[in-house]
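This report concerns only the one structure given below.
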Amino acid sequence: MSKDKTQKTVQTTGHAWDGDLQEFNNPLPTWWLWAFYATVVFAIIYWILYPTLPIGDTYTKGAFNDITYTTEDGKTETTHWNTRALFEKEMQEAREAQAKYVEQLSQASYQEIQSDPEQSGFAFSMAKVLFADNCAACHQTGGNGVIGMYPNLIDDAWLWGGSFEQIEQTIREGRQGNMPGFKGQLSSQQTGDVSAYVLSLSGHDMAEDEISRGEQIFAANCAVCHGEDAKGKTMMGSANLIDSIWTIVNIPAAGSLEQKKSAVMQLVRNGKSRHMPAWKARLSDTEIKILTYYVHEMGGGK
Amino acid sequence: MTQTAYQSRIPIYPRSVKGRFRTIKYAVLTLAYGVYFLLPWLRWARENAPDQAVLFDLAGRHFYLFDLVVYAQDIFWLAGVLIIFALLMFFVTGVAGRVFCGYFCFQTLWTDVYILIERLVQGERNARIKLADAPWSKTKFFKLGMTHVLWLAMAFVTGLTFVLYWGNAPQLVLDFFRGEAPFAAYATTLFLTATTYVMAGLAREQVCTYMCPYARFQGVMFDRDTLIVAYDEQRGEREQGRHKPSKDYMAREARIADKVGDCIDCGYCVQVCPVGIDIRNGLQYQCISCALCIDACDTIMDSIGYPRGLIRYTSQKALEGEKSNPFNLKNLGYALALIAAVGLLTWAISHRDKVELSVAQFRQPMSVTLSDGRIQNRYEIKINNKTSESIRYRISIGGLPQAELDLGGNEEVTVSPEHSLKLMAKVNRRPEIAEQERQSFEFVIRQINSEQPLTTRRTTVFYTPLTR
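Chains B and X supply the protein sequences, listed in that same order.
Note that numbering that gives the first Met the number 0 has the first sequence beginning at 0, numbered continuously upward.
Note that numbering that gives the first Met the number 0 has the second sequence beginning at 0, numbered continuously upward.
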C-alpha cells in the first residue's frame, strides 16, 4: 500500500500504434507545478502593485505603492512607483543622513573646522565632489589650473588673496582680472626693456642696460597696478612679479632667456583679461564655505 | 506494463540505535549545538563595542573574535581560512572518507535533531510508519501537527541565533520581540527558519544525495586506502549467502561448516540508515559514513554471540586482504600542506601591525612650484589605529635632506581606538639639490604616549621636475 502512494505507475493515453508504440502520459512533478502557479500569483500581484501594462499612450500606474519624497527645494511630491521617484527618495534620505554634519559645518567657523579632524574630513569628502562638479572644468581635477588660462590653486601664490575671507569672496562674487595691452603706448624697444626688467626681478640674468631702462618704464606704466615693489596687489588681483610663479606666461617651460623675454613681451603688448564667474547664485552658502575650506587647504592658504 | 516515469521520495523512518558511533555523534552534536547556541551569549569585556565574545559588526566593519579584532582589510585571512578548510577536507576525506558528512555537517546535525523530535512525538520507527499509513484522525493530526510545530520552533531558534552573531545578543533579542530590530534581522531569521525547516525537516537525505556538491566529488579524493564504512561481504555471505538464524543455522560453527554467511539478514543496518541505503550492496555515493549501521550490526552480533565487525570501518585494500595504510603519500602531502597553511595564517595573524599607515602621493599634479621656487609634493596619510587604546603619533619624514614637512599644525595627532585618520601632508624642497626626478624617502610615525614607542615607516617618492 505504501508503495502505491509513492510510486505512481506510468499511464498511457490508451492507444497503441504499430503494435507497441505508446504515448505516455507523464504528469509534471507536483513541486514544479506549484512553482508555476506561484509565478502566476506573483505576476498578478506585481501587475497590481507596479506600473506594468501600456494602454494607448499611457500605462497602468500600479496601486498601494506610491512614493513620497521631498525635493531639494523642500517641495513634497507623491507619485506612483517609478525608479526616478525612488532615486529622489534615496537622495532625500542621503541629504537627511548628511544633514547633521552639514548643519555642523554651516555653523562652524573656518578655524573650528580646521582644528577638528572629523569635521574637516567630512568637508573634504564633500568638497571633492563639489570641486569636481563646479571647479575642475577650469582649475583641473587636482586644482593645478592651466598656465595662461586658469590659476593654479595649489601653490602658495594668491592673486586675489589666500585668506578664508578672500577665497570665499572670490567664489561668491567672482573676479574680473584685466591686464591692459601696451601695444600703442610702448615701442618695441621699450616693451623689450620692461620685459627684461620684470624677468630680472625673479632672478633671471638679463642685460644691465635693459634692466635700468626697463625699471623706469615699469615705474611709469606698471607700478600703478603691480606696485612700486612689483609684488602685486591683491585688491586688484595684479600678479606678484618677483616670485617664481608665473600664472600667464609659462616661463619655466620657455627654453632660452631670449624665448622667455619674447614670451613676456607678447603679454605686455597684448594684455590679458580673465574672468572668474560668481557662484553665489549656483551654490548654497554652506557649499561655498566647504569649497572655500577645501581650496584654502589644498593650496596652503594664508 | 508498469514503469515509473520518475520516482517520488521514499520516506525514510530511521530506527534508533545505541553504540559507539551513536555516542560519538551525540557528543559532537552536543558540542556543536553548545557552541552555536551559547557563543553569542558569551560576554567579553570590550571598550569600544558591545561586550560580546564573537561579534560580526558589519556596520562598524569590525569582526570581534575574543581578543582578535578583524578589520575589513584583513579579508585575506578569510582566503587563508578557506584554504585551510579545503585542505582539511581533502586530508580527512583521503584518510577517513566522508566522516565530515556523518558527524559534523550542519545538515546531518540538524536532521538528527529533527528525527529525534519526530521520535519523541510519534514514537519509534514502526509506530511512525503505522501513523503515516493510518487514515486521518485526531491523534494523527495532533502528532503530525506537534512534530511540525516543534520543527518550526527549532528552525526559528536556529535562525534567530544566527542573527545574534551580528549584533549585541541580549539587546537584539529584546529589540527583535519588540519589533524594533533592523529589517535584515527579521528577513534573515525568516529565511533561515524556512530553510532549516525545509532542509532538515522535509528534504533531509535528499540534500545529501541530490543537492550537495561534496557528495559528487568526494569520489576523486578516495583511494583504496581510504577508510570507508563497509560490509565484509566474504564473511557475511560466504558461498551460500545470508541466512536467517533458523534452528540449523544458529551456531556460527554450523554456518561456517555449511558455507553460509554470518549475516542473519535482520535488516537492522538498513532500518537505522538516515539516507535509506543498504550498506550490504557495497560502497554507495549516498553513504554519509555516519556508521550507525556499524552500531546496529555490532548490537546484533553481540546479542547472538558472533564477533563484531561484519560491518566496520575498513578500506577497500583491507577488505581484499591487502596491507592498507590510510596515511599514504598523498594524504601525508595533504597533511603537510595543511600544516603549512595553518602555520602561515597563524603567523599572519600574530604578526599583524598594530597600526596601519598608508601614504598616497597626490598625482594631479605630481608637483607644484611655490613662489620662492621650491617644489611642493602633496601626500595623503592614513593612520589606522587597530588597538583598543587611543594613540598619539608624531609624524616626520626621513631620507630627504633639506626638505620641509608641512602638516598644517597636525604634526602630532591622536587617533581614537579602532579608528582611522586622514591627513594632508605637504613636503617642500628646493629643486636645485634634487639629484633625480624621483627620490625615495619615508614617512615615519612614532607613538609618543606608549611605554614601548612603536615606529612605523612608509616609503614614498618625492617628484622634482628637472625640465627647466
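We treat Cβ as the ideally placed atom computed from N, Cα and C, and that holds for glycine.
Exercise for review: Would you kindly work out how many angstroms separate the C-alpha atoms of F75(X) and Y392(X), rounded to a whole number?
Suggested key: What you label residue 75(X) is simply residue 76 of the second sequence in a count that begins at 1. What you label residue 392(X) is simply residue 393 of the second sequence in a count that begins at 1. Approximately 27 Å, taken between the alpha carbons.
Practice item. Taking 8 Å as the threshold, find out whether the stretch 408 to 416 of chain X comes into contact with the stretch 430 to 441 of chain X through three or more Cβ pairs. Key: no
Point to revise | Secondary structure, alpha helix (DSSP H): runs of 4+ residues fully inside the stretch 90 to 127 of chain B | key: 109 to 114
Review point. F35(B): buried (16+ other C-beta within 10 angstroms of its C-beta) or exposed?
Key: Counting from 1 along the first sequence, the entry for residue 35(B) is found at position 36. Residue environment for F35(B): exposed (fewer than 16 other C-beta atoms within 10 angstroms of its C-beta).
Practice item. Tell whether a beta-carbon distance below 8 Å holds between R251(X) and D261(X). Key: Taking the second sequence and counting its residues from 1, the one referred to as residue 251(X) is at position 252. Taking the second sequence and counting its residues from 1, the one referred to as residue 261(X) is at position 262. Yes, the Cβ-Cβ distance between R251(X) and D261(X) is below 8 Å.
Practice item. Could you check how far apart the C-beta atoms of K271(B) and I247(B) are, in whole angstroms? I think they sit under 8 Å. Key: Within the first sequence, numbered from 1, the residue matching residue 271(B) stands at position 272. Within the first sequence, numbered from 1, the residue matching residue 247(B) stands at position 248. That belief holds up - the Cβ atoms of K271(B) and I247(B) are roughly 5 Å apart, short of 8 Å.
Point to revise | Below-8 Å beta-carbon distance, F204(B) vs any chain X residue | key: Taking the first sequence and counting its residues from 1, one reaches residue 204(B) at position 205. At residue 204(B) the sequence reads Asp, which differs from the Phe that was named. So, not an interface residue.
Review point. Cα-Cα, which of P169(X), Y378(X), Q121(X) and A133(X) is closest to H147(X)?
Key: Here residue 147(X) corresponds to residue number 148 of the second sequence, with the count starting at 1. Per the Cα distances, Q121(X).
Point to revise | Of the residues V460(X), A180(X), I116(X) and F62(X), the one placed nearest R428(X), counting alpha carbons only | key: In the second sequence, counting from the first residue as 1, residue 428(X) sits at position 429. When each option's Cα is compared against that of R428(X), the closest is V460(X).
Check your understanding: Candidates N384(X), K385(X), S15(X) and Q6(X): which alpha carbon is nearest Q270(X)'s?
Key -> Start at 1 with the first residue of the second sequence, and residue 270(X) comes out as number 271. For the residues N384(X), K385(X), S15(X) and Q6(X), the minimum Cα distance to Q270(X) belongs to S15(X).
Point to revise | R268(B): first and last residue of the uninterrupted alpha helix (DSSP H) it sits in | key: Locating residue 268(B) in the first sequence gives position 269, counting from the first residue. R268(B) -> alpha helix (DSSP H) spans L256 to N269.
Review point. If we count the other Cβ atoms within 10 Å of its Cβ and call it buried at 16 or more, is G178(X) buried or exposed?
Key: Taking the second sequence and counting its residues from 1, one reaches residue 178(X) at position 179. Its Cβ having fewer than 16 others within 10 Å, G178(X) is exposed.
Check your understanding: Of all the beta strand (DSSP E) runs that stay within the bounds of the stretch 333 to 410 of chain X, which reach a length of 3 or more residues?
Key -> 354 to 360, 374 to 384, 390 to 397 and 402 to 405
Exercise for review: Name the two residues that bound the continuous alpha helix (DSSP H) containing Q438(X).
Suggested key: Indexing the second sequence from 1 puts residue 438(X) at position 439. Careful: Q438(X) lies outside any alpha helix (DSSP H), inside the beta strand (DSSP E) at R437 to Q446.
Point to revise | Residues within the stretch 242 to 254 of chain B neighbouring chain X, beta-carbon criterion of under 7 Å | key: Contact annotation: in the stretch 242 to 254 of chain B, residues whose CB is within less than 7 Å of a CB in chain X are D242, S243, I244 and P251.
Check your understanding: How many whole angstroms separate the CB atoms of M264(B) and T169(B), which I take to be in contact at a CB cut-off of 8 Å?
Key -> As a working note, residue 264(B) is residue 265 in the first sequence. As a working note, residue 169(B) is residue 170 in the first sequence. In fact, because the Cβ distance is near 30 Å, the residues do not count as touching under 8 Å.
Review point. Looking only at its own chain, which residues have a Cβ that is under 6 Å from the Cβ of G61(B), when we skip the five neighbours before and after it?
Key: If you number the first sequence from 1, residue 61(B) lands on position 62. Counting only Cβ-Cβ distances below 6 Å, and skipping sequence neighbours, we find L48, Y49, P50, H79 and W80.
Check your understanding: At a CB-CB cut-off below 9 Å, which residues of chain B make contact with P325(X)?
Key -> Taking the second sequence and counting its residues from 1, one reaches residue 325(X) at position 326. Neighbours of P325(X) on chain B: none; closest Cβ ~39 Å, over 9 Å.
Exercise for review: Give a yes or no on whether the C-beta atoms belonging to R268(B) and F181(B) are separated by under 8 Å.
Suggested key: By one-based count along the first sequence, residue 268(B) stands at place 269. By one-based count along the first sequence, residue 181(B) stands at place 182. Their beta carbons are under 8 Å apart, which means R268(B) touches F181(B) by this criterion.
**Study point:** Distance between Q375(X) and Q139(B) (C-alpha atoms, nearest Å)
**Key:** To locate residue 139(B), count along the first sequence from 1; it is residue 140. To locate residue 375(X), count along the second sequence from 1; it is residue 376. Approximately 17 Å between the Cα atoms of the pair.
Review point. Does the distance from the CB of I216(B) to the CB of L185(B) come in under 8 Å?
Key: Taking the first residue of the first sequence as 1, we reach residue 216(B) at position 217. Taking the first residue of the first sequence as 1, we reach residue 185(B) at position 186. For I216(B) and L185(B), yes; Cβs fall inside 8 Å.
Check your understanding: What first and last residue would you give for the beta strand (DSSP E) that runs through M178(B)?
Key -> As a working mapping, residue 178(B) is identified with position 179 in the first sequence. R174 to M178 is the span of the beta strand (DSSP E), which, as asked, contains M178(B).
Check your understanding: Going along chain X in order, which residues have a C-beta closer than 7 Å to the C-beta of D155(B)?
Key -> Within the first sequence, numbered from 1, the residue matching residue 155(B) stands at position 156. Correct list: L369 and S370.
Exercise for review: Kindly list, in the order they appear in chain B, the residues whose Cβ is closer than 7 Å to that of F361(X).
Suggested key: Reading the second sequence from its first residue, position 362 is the one you call residue 361(X). Chain B residues near F361(X): G141.
Practice item. For L420(X), go through chain B and note every residue whose CB falls closer than 7 Å to its CB, in chain order. Key: The count along the second sequence starts at 1 and reaches residue 420(X) at position 421. Those within 7 Å of L420(X) in chain B are P116.
Review point. Considering only the beta carbon of each residue, do D231(X) and S314(X) sit closer than 8 Å?
Key: For the purposes of this step, residue 231(X) is taken as residue 232 along the second sequence, with counting starting at 1. For the purposes of this step, residue 314(X) is taken as residue 315 along the second sequence, with counting starting at 1. No, the pair does not count as a contact, with Cβ atoms beyond the cut-off.
Check your understanding: For R445(X) versus L356(X), is the C-beta spacing smaller than 8 Å?
Key -> If you number the second sequence from 1, residue 445(X) lands on position 446. If you number the second sequence from 1, residue 356(X) lands on position 357. For R445(X) and L356(X), no; Cβs fall outside 8 Å.
Practice item. For L159(X), collect the residues of the same chain with a Cβ closer than 6 Å to its Cβ; drop the 5 residues on either side in sequence, then sort them by chain order. Key: By one-based count along the second sequence, residue 159(X) stands at place 160. Once the five neighbours on either side are set aside, the close Cβ partners of L159(X) are T188.
Review point. Per the contact definition of three or more C-beta pairs closer than 8 Å, is the stretch 308 to 324 of chain X in contact with the stretch 111 to 131 of chain X?
Key: Judged by Cβ distances under 8 Å, the stretch 111 to 131 of chain X makes no contact with the stretch 308 to 324 of chain X, as fewer than three pairs qualify.
Review point. Any idea which residues DSSP pairs P53(B) with across the strands?
Key: The count along the first sequence starts at 1 and reaches residue 53(B) at position 54. Note: P53(B) sits in a beta bridge opposite Y58(B).
Check your understanding: Any beta-carbon of chain B closer than 8 Å to the one on R467(X)?
Key -> Locating residue 467(X) in the second sequence gives position 468, where the first residue counts as 1. Confidence is the limiting factor: at R467(X) the pLDDT is only 47, short of 50, which leaves the residue's position unreliable and the question unanswerable from this model.
Exercise for review: Check the Cβ-Cβ distances between P181(X) and every residue of chain B, and say whether any is below 8 Å.
Suggested key: Within the second sequence, the letter at position 182 stands for residue 181(X). Chain B, which has no Cβ nearer than 8 Å to the Cβ of P181(X), makes this no.
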